[in-house]
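Asks: Its first residue numbered 1, the sequence shown is counted upward by one per residue in the UniProt record's numbering. Ideal Cβ placement from N, Cα and C applies to all residues, glycine included. Bear in mind the structure is a predicted one, so any value in this text is a computation, not a measurement. Have a look at this one.
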Amino acid sequence: MPTISSTDGTSLHYRVIGDGPRTVVLVHGWMVSGAVWDGLVERLDLTGLRLVIPDARGTGQSGKAAGGYTLEGLARDVLTVVDAVGAERFTVVGHSMGGQLAQWVASEVPARVDALLLLNTVPASGLPLPPEAAGLFRTSAGDREKQKTILGLACKTLTPEQLEALLKDAGAVSAASIEGAFDAWTTGGIQDRLARIAAPTLVVSTDDAFLPPAFLRQAVVAPIRRARMAHIPGPGHYPHVEHPQETAAVLSAFLAGSAPA
Numbered sequence: 001m002p003t004i005s006s007t008d009g010t011s012l013h014y015r016v017i018g019d020g021p022r023t024v025v026l027v028h029g030w031m032v033s034g035a036v037w038d039g040l041v042e043r044l045d046l047t048g049l050r051l052v053i054p055d056a057r058g059t060g061q062s063g064k065a066a067g068g069y070t071l072e073g074l075a076r077d078v079l080t081v082v083d084a085v086g087a088e089r090f091t092v093v094g095h096s097m098g099g100q101l102a103q104w105v106a107s108e109v110p111a112r113v114d115a116l117l118l119l120n121t122v123p124a125s126g127l128p129l130p131p132e133a134a135g136l137f138r139t140s141a142g143d144r145e146k147q148k149t150i151l152g153l154a155c156k157t158l159t160p161e162q163l164e165a166l167l168k169d170a171g172a173v174s175a176a177s178i179e180g181a182f183d184a185w186t187t188g189g190i191q192d193r194l195a196r197i198a199a200p201t202l203v204v205s206t207d208d209a210f211l212p213p214a215f216l217r218q219a220v221v222a223p224i225r226r227a228r229m230a231h232i233p234g235p236g237h238y239p240h241v242e243h244p245q246e247t248a249a250v251l252s253a254f255l256a257g258s259a260p261a
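Here is the structure:
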């Protein structure tokens with residue numbers, strides 16, 4: 001599996017699947033690694049695609065750095081991986097906090113991002129949680145029961161096998177990542193960058209209690225010039241895990257409709 005060093009020397013692990021001319025970068029969210037995309041990838045038609053799936057620092061097989069867990073730091077890690085695979089132009093798909101990172105990337109290099117899909121994204125302005133929930137989330141590193149509680153709050157249709165896979169993945173995420181990335185996504189603060197995004201953008205909502213469609217329309221769709229919405233009824237916060245077939249269909253349709261000239 002390939003790795004590249006970030007600007008601060010942290011080892012960044014990533015996978016490349018497919019060898020098509022269109023590069024699609026899948027950016028995962030908090031408390032998981034790039035493995036969270038596996039069910040979606042299995043159901044996606046890879047014709048013409050090259051998927052790039054990074055593990056953020058502190059997750060999966062990437063280095064367990066002590067710092068660098070700001071939105072900008074994590075997003076620059078994504079760009080480091082994109083540059084390592086030689087992608088001049090690319091599509092970004094981001095889930096949850098990964099959606100914030102995708103928004104940062106699309107605003108940092110707008111000429112290189114040909115399309116942007118934001119799946120249950122946290123808004124660029126952040127998503128503060130009530131104190132009790134914040135305490136649970138921020139202290140969940142290495143705590144299976146706390147992480148099980150969080151997934152129970154977030155998801156609606158997980159099978160026991162899907163839950164176990166998420167818990168196994170989450171259990172290996174470093175405390176520095178759990179705490180630092182939590183502080184980053186709840187605080188946000190990158191909303192002033194959104195006017196720079198030039199790519200056609202699809203914001204996907206589900207029956208996620210934390211990120212309902214009306215909220216996403218106001219907080220994410222409205223500030224992005226070329227954004228529109230789609231809705232997948234049924235799943236909670238992890239549709240690519242809970243309903244991977246439907247999520248793959250939405251992604252495939254978006255890719256077909258936003259193919260670069």
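1. Select from Thr10, Pro54, Ala87 and Ala111 the residue whose C-alpha is nearest the C-alpha of Met200.
2. Helix, strand or coil: how does DSSP classify Phe90 here?
3. For Gly34, which option in Val220, Ile53, Thr47 and Trp185 has the closest C-alpha, if you only look at C-alpha atoms?
4. Please classify Glu242 as buried or exposed, where buried requires at least 16 neighbouring CB atoms within 10 angstroms.
5. Which ranges does the alpha helix (DSSP H) cover as unbroken runs of at least 4 residues, wholly within the region 97-174, from first to last along the chain?
6. What distance in whole Å lies between the Cβ atoms of Arg193 and Ser96, which are believed to be in contact at a cut-off of 8 Å?
7. Would you report the Cα separation of Glu72 and Ala181, rounded to the nearest angstrom?
8. Could you tell me the boundaries of the beta strand (DSSP E) in which Leu26 lies?
9. Tell me the rounded alpha-carbon separation between Leu101 and Thr187.
10. Please name the residue, chosen from Gly60, Gln61 and Asp55, that lies closest to Arg76 on a Cα-to-Cα basis.
11. To the nearest angstrom, report how far apart Gly18 and Glu132 are at their CA atoms.
12. How many Å lie between Arg15 and Ala219 at the Cα?
13. If you follow the alpha helix (DSSP H) that Arg50 is in, where does it begin and where does it stop?
14. Go ahead and label Asp83 buried or exposed: buried means 16 or more other beta carbons lie within 10 angstroms of its beta carbon, across all protein chains shown.
15. Roughly how many angstroms lie between the CA atoms of His240 and Thr247, to the nearest whole one?
16. Taking buried to mean at least 16 other C-beta atoms within 10 Å of its own C-beta, is Gln245 buried or exposed?
17. Answer with buried or exposed for Gly45, where buried requires no fewer than 16 other C-beta atoms within 10 angstroms of its C-beta.
18. Closest to Ile150 by C-alpha separation, out of Ser11, Tyr238, Ile4 and Leu12, would be which residue?
19. Please report the residue range of the alpha helix (DSSP H) in which His240 lies.
20. My parser needs the beta strand (DSSP E) runs of 3 or more residues fully inside the region 168-226; what are they?
21. Which residue's Cα is closest to the Cα of Glu179: Lys148, Gly86, Leu79 and Trp30?
22. Tell me which residue opens and which closes the beta strand (DSSP E) that Pro3 is part of.
Replies: Inspection of the coordinates gives the following:
1. According to the sequence provided, residue 200 is Pro. The question's Met does not apply to it. The shortest C-alpha separation from Pro200 is found at Ala111.
2. strand
3. Ile53
4. buried
5. 97-108, 131-138, 144-154 and 160-171
6. About 18 Å separates the two Cβ atoms, so there is no contact after all.
7. 11 Å
8. Arg22 to Val27
9. Here the alpha carbons of Thr187 and Leu101 stand approximately 13 Å from one another.
10. Distances from the alpha-carbon of Arg76 to those of Gly60, Gln61 and Asp55 put Asp55 closest.
11. 43 Å
12. 32 Å
13. No alpha helix (DSSP H) contains Arg50, which is instead part of the beta strand (DSSP E) from Leu49 to Pro54.
14. exposed
15. 6 Å
16. Its Cβ having fewer than 16 others within 10 Å, Gln245 is exposed.
17. Reading off the sequence shown, one finds Asp at residue 45, where the question assumed Gly. Classification of Asp45: exposed, given that the 10 Å Cβ count is below 16.
18. Tyr238
19. Pro239 to Glu242
20. 201-205
21. The option with the nearest alpha carbon to Glu179 is Trp30.
22. The question names Pro, yet the displayed sequence has Thr at residue 3. Unbroken beta strand (DSSP E) run through Thr3: Thr3 to Ser5.
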